[in-house]
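In this note's numbering, the protein residues as written are 34 to 508.
Worksheet for the structure shown next.
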């Protein structure tokens with residue numbers, strides 16, 4: 034069976050990897066840009082002992098998705114840099130709120146004192162959940178802000194949940210679906226009438242039924258995953274930067290006769306009973322099956338001619354633009370080490386957050402920071418398209434104020450990442466089901482995977498590719 038993969042980001046490369054593993058036949062990956070890796074991009078300044086990441090820099094080794102990625106990392110023989118739970122970057126996460134840096138609680142002890150920006154102890158939010166009646170959600174979904182405010186109060190929604198959503202998907206918690214991040218808690222609340230109550234009851238029921246390790250790794254856990262659990266990794270990076278993952282995958286696939294075609298954009302897909310014809314560089318390329326890892330809005334025009342309603346469903350998944358500013362200062366300048374800080378939207382500042390790269394990984398005598406801005410609020414702050422210098426100056430002045438740094442950055446990079454993160458707004462799960470049901474109903478030889486559908490994290494997009502490839506029938 035001849036298969037083509039559209040997109041050479043992490044999900045597309047993973048689809049190639051799992052197709053090769055499952056079918057063992059040659060295939061081609063088509064990537065429109067001149068490089069693989071999508072949003073994963075590392076600039077390694079070996080001469081100065083630091084790395085700029087314009088995309089993600091760490092991966093969490095948690096659960097089945099985390100184990101799956103570590104299985105891949107192991108197969109690719111990549112060198113990992115673990116960050117253990119005892120590490121300062123795993124323990125310390127901050128908010129910038131009410132004009133100051135606030136440390137988020139990192140132990141149960143922190144639930145009992147009053148920690149700014151909160152005005153009452155956090156255990157009171159848990160009590161609120163115990164004494165608040167449940168409310169049946171319309172269409173089995175609601176915004177994560179509304180859910181958090183209902184169960185735990187406005188302060189938790191404003192100063193815990195909202196900044197967390199900024200950090201994960203640069204989104205507005207008032208629009209993002211509760212199922213994006215808290216599906217389990219939401220379902221417990223809907224079923225048992227409360228989050229805490231539901232958690233306790235379901236734990237009790239789980240203890241009655243023997244808990245079996247099911248899923249992909251029921252038989253054998255990947256060695257690296259077992260090591261991560263044993264050594265209590267909170268997260269990990271890759272030596273030389275995260276872009277080594279897509280680069281090594283490309284090399285691995287190339288050595289096994291998988292053709293990765295760069296600067297080759299697919300312009301149209303025509304489906305017929307015998308398969309798919311792809312329009313690439315004005316030539317018609319016939320294949321039996323297409324796996325698309327493209328962003329939903331890029332797949333939409335390719336299917337529009339034959340399937341306008343599928344195209345419209347794909348376009349209903351919104352995306353946001355994010356500005357990423359990397360900066361390096363000579364010397365160790367941070368007064369407080371940690372993973373970084375998030376800025377709650379209620380502060381009305383142009384920053385979403387700042388990552389302290391040089392705290393996460395050893396970068397010698399450098400202070401390296403990554404500032405993220407825009408997202409859901411991009412047009413509000415950057416609608417008039419400021420120059421890279423204006424963006425850098427804005428980021429620098431806020432960082433200097435927040436972190437009490439007087440110096441100017443020595444090296445910097447400004448990246449505008451256009452439509453880089455899909456937004457799982459209320460009803461997202463149903464939208465994705467509708468898209469996949471349409472493909473199934475019309476028996477289209479098409480699979481869709483990647484950040485638009487099954488989660489926006491690295492683990493999610495890799496597992497998404499695996500699951501979609503495993504669902505392709507053996508012909």
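Note that beta-carbon positions come from the ideal geometry of N, C-alpha and C, so glycine has one too.
Being a predicted model, the structure only gives us computed values, none of them experimental.
Extent of the continuous beta strand (DSSP E) run through residue i
i, result
"residue 400", "399-408"
"residue 68", "Taken as a continuous stretch (DSSP letters only), residue 68 belongs to no beta strand (DSSP E), as it is neither H nor E."
"residue 480", "479-481"
"residue 36", "36-39"
Coarse secondary structure for residue i, derived from DSSP in three states
i, result
"residue 453", "strand"
"residue 339", "coil"
"residue 50", "helix"
"residue 486", "coil"
"residue 361", "strand"
"residue 354", "strand"
"residue 445", "strand"
"residue 303", "strand"
"residue 384", "strand"
"residue 76", "strand"
"residue 373", "strand"
"residue 429", "helix"
"residue 44", "helix"
"residue 164", "helix"
"residue 111", "coil"
"residue 83", "strand"
"residue 325", "strand"
"residue 506", "coil"
"residue 60", "strand"
"residue 116", "strand"
Chain-order list of residues whose beta-carbon lies under 8 Å from that of residue i (same chain, five-residue window excluded)
i, result
"residue 279", "41, 42, 43, 46, 69, 70, 71, 73"
"residue 243", "Since pLDDT at residue 243 reaches only 42, below the 50 mark, its modelled position is unreliable, and the value read off the structure follows with that caveat. Taken in chain order, the list of residues that qualify is empty."
"residue 138", "144, 148, 155"
"residue 53", "60, 286, 289, 291"
"residue 265", "117, 118, 119"
"residue 51", "498, 499, 502, 503"
"residue 93", "99, 267, 268, 490, 492"
"residue 368", "436, 437"
"residue 114", "269, 270, 271, 272, 394"
"residue 348", "329, 330, 333"
Cut-off 6 Å between Cβ atoms - residues of its own chain near residue i, not counting five sequence neighbours on either side
i, result
"residue 267", "116, 118, 123"
"residue 488", "none"
"residue 350", "329, 455, 485"
"residue 39", "63, 299, 325, 327"
"residue 95", "none"
"residue 481", "325"
"residue 438", "366"
"residue 206", "177, 178, 194, 195, 198"
"residue 383", "406, 414"
"residue 391", "399, 400, 401"
7 Å CB neighbourhood of residue i in its chain, flanking five on each side removed
i, result
"residue 320", "35, 36, 37, 308, 309, 311"
"residue 505", "322, 480"
"residue 245", "Here residue 245 scores only 40 on pLDDT, less than 50, and its place in the model is too uncertain to base an answer on."
"residue 219", "180, 211, 212"
"residue 301", "312, 335, 338"
"residue 77", "84, 273, 274"
"residue 371", "121, 122, 125, 126, 127, 389, 392"
Unbroken alpha helix (DSSP H) run spanning residue i, endpoints
i, result
"residue 178", "177-185"
"residue 467", "461-474"
"residue 316", "Here residue 316 belongs to no alpha helix (DSSP H); instead the beta strand (DSSP E) covers 316-320."
"residue 414", "411-415"
"residue 499", "491-503"
"residue 92", "Run containing residue 92: none; DSSP gives neither H nor E here."
"residue 311", "First-last for residue 311: 308-313, but that is the beta strand (DSSP E), not the alpha helix (DSSP H)."
"residue 349", "No alpha helix (DSSP H) holds residue 349; DSSP gives it neither H nor E."
"residue 395", "Note, residue 395: premise wrong, no alpha helix (DSSP H); not H, not E."
Distance cut-off 6 Å: residue i Cβ against heavy atoms of the ligand NAP
i, result
"residue 455", "Here there are no bound small molecules, and the ligand NAP is not part of this structure."
Any chain B beta carbon closer than 7 Å to residue i
i, result
"residue 471", "No chain B is part of this structure, which consists of one protein chain only."
| query | Is it true that the stretch 409-427 meets the stretch 440-455, where meeting means three or more beta-carbon pairs spaced less than 8 Å apart? | reply | When Cβ pairs closer than 8 Å are counted between the two stretches, the stretch 409-427 is seen to touch the stretch 440-455, the count reaching three or more.
| Completely contained beta strand (DSSP E) runs for the stretch 118-152, where each covers 3 or more residues | 126-130, 133-136
| message | Would the stretch 465-483 count as touching the stretch 320-329 if we require 3 or more Cβ pairs under 8 Å? | response | yes
| query | Can at least three beta-carbon pairs, one atom from the stretch 436-444 and one from the stretch 358-367, be found at a separation below 8 Å? | reply | Two segments are said to touch when three or more pairs of C-beta atoms, one from each, lie closer than 8 Å; by this definition the stretch 436-444 touches the stretch 358-367.
| query | Are there three or more Cβ pairs, one per stretch, closer than 8 Å when the stretch 164-178 is compared with the stretch 216-225? | reply | The stretch 164-178 is in contact with the stretch 216-225.
| said: Below 8 Å, how does it come out for the stretch 99-115 and the stretch 295-304: are there three or more Cβ pairs, yes or no? | reply: no
| query | Is there contact here, the stretch 339-353 with the stretch 373-383, by at least three beta-carbon pairs under 8 Å? | reply | no
| task | Just list the beta strand (DSSP E) runs in the stretch 191-219, keeping only unbroken ones of 3 residues or longer that don't cross its boundaries, in chain order. | result | none
| field | the stretch 206-216 in contact with the stretch 171-189 per 3-pair CB rule at 8 Å | value | yes
| task | Return the chain-ordered ranges of every alpha helix (DSSP H) run that is complete within the stretch 225-293 and spans a minimum of 4 residues. | result | 228-241, 256-263, 277-288
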